[in-house]
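Chemist: In my numbering, the protein residues as written are 4 to 238. Positions of the beta carbon are idealized from the N, C-alpha and C atoms, including for glycine. All figures in this text were calculated on a predicted structure; none of them were measured in a lab. Structure provided below as structure tokens; questions to follow.
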Ligand SMILES: CC(C)(COP(=O)(O)OP(=O)(O)OC[C@H]1O[C@@H](n2cnc3c(N)ncnc32)[C@H](O)[C@@H]1OP(=O)(O)O)[C@@H](O)C(=O)NCCC(=O)NCCS
């Protein structure tokens with residue numbers, strides 16, 4: 004196990020299938036309604052509209068460990084932040100901010116101009132992070148989360164502030180960070196004009212998930228909105 008103290012570098016790269024076990028472990032530590040491992044495999048291997056990133060800590064011996072991840076669904080010009088989490092031992096180090104900046108810049112490269120997400124009303128840490136990026140609360144989904152019927156706040160960022168992202172992502176800080184320009188694996192076709200989401204609903208990714216409702220799909224939260232924008236809210 005790498006600790007924040009023994010971490011000598013931090014890399015940001017696209018998630019791979021072999022990362023899923025570690026990513027799932029972070030999800031379980033982070034959410035009361037975790038996605039399934041299968042849903043992550045789907046996001047990595049099959050969902051053309053999905054852009055999945057990890058932050059990887061590396062120590063002086065060259066060992067590495069996934070310490071954060073984000074899943075962003077890109078549909079046409081909209082980037083839906085479906086999931087973001089940082090391992091509890093590595094929080095408050097700026098990793099979540101950098102991950103979000105990387106993911107959104109990647110989405111911008113694929114055609115995104117705006118972004119939205121859902122967040123639990125009580126998740127003030129995450130809301131603070133999103134507000135820093137310019138997200139604003141534009142609506143409430145009352146009783147949205149199936150475990151405790153907590154409300155979801157719908158937050159949007161329109162337009163995505165690219166200059167702000169560039170300020171954060173290139174400085175992403177520690178020695179060994181992989182510059183955005185060198186990031187392999189982007190899928191520019193995903194979410195570009197002409198892409199056809201299955202439901203035709205912006206932001207919907209019906210085959211992945213709704214936490215809590217459809218076990219194989221990994222959706223966090225409520226069922227009724229499955230297939231509808233916002234069906235898989237991050238907490
Ligand atoms: C939300 C989360 C991803 C943030 O990751 P992180 O790496 O700790 O965040 P950062 O260190 O990059 O912090 C970025 C900013 O977020 C805000 N923030 C993060 N943690 C905070 C806290 N405990 N209290 C207040 N603000 C906080 C601050 O504005 C912070 O900036 P600052 O450090 O300059 O004050 C992380 O807390 C997490 O994984 N939470 C559990 C999963 C979750 O809730 N995901 C979001 C679902 S909507």
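Which residue or residues does DSSP assign as beta-bridge partners of residue 1?
Modeler: With the chain covering 4 to 238 only, the question about residue 1 has no answer from this structure.
Chemist: In terms of DSSP beta bridges, what is residue 123 paired with?
Modeler: 155
Chemist: Which partner residues does residue 117 have in the DSSP bridge list?
Modeler: Paired residues: 81.
Chemist: Report whether the distance from the Cβ of residue 15 to the nearest heavy atom of ligand 1 is below 8 Å.
Modeler: no
Chemist: What are the boundary residues of the beta strand (DSSP E) that includes residue 142?
Modeler: 139-144
Chemist: Check for me: the alpha helix (DSSP H) holding residue 48 runs from which residue to which?
Modeler: In this chain, the alpha helix (DSSP H) harbouring residue 48 covers 40-48.
Chemist: Is it buried or exposed, residue 166, if we count other Cβ atoms within 10 angstroms and call 16 or more buried?
Modeler: exposed
Chemist: Could you say which of 46, 37 and 34 lies nearest to residue 21 if we only look at CA atoms?
Modeler: 46
Chemist: For residue 18, count neighbouring Cβ atoms within 10 angstroms of its own Cβ and tell me buried if that reaches 16, exposed if not.
Modeler: buried
Chemist: Quick test of your reading: residue 157 and residue 144, contact by CB under 8 Å. State the CB separation rounded to the nearest angstrom.
Modeler: 6 Å
Chemist: So, for residue 6: in the same chain, excluding its five sequence neighbours on each side, which residues have a beta-carbon less than 6 Å away from its beta-carbon?
Modeler: none
Chemist: Could you pull the DSSP bridge partners for residue 55 from this structure?
Modeler: Residue pairing by DSSP puts residue 55 in a beta bridge opposite 74.
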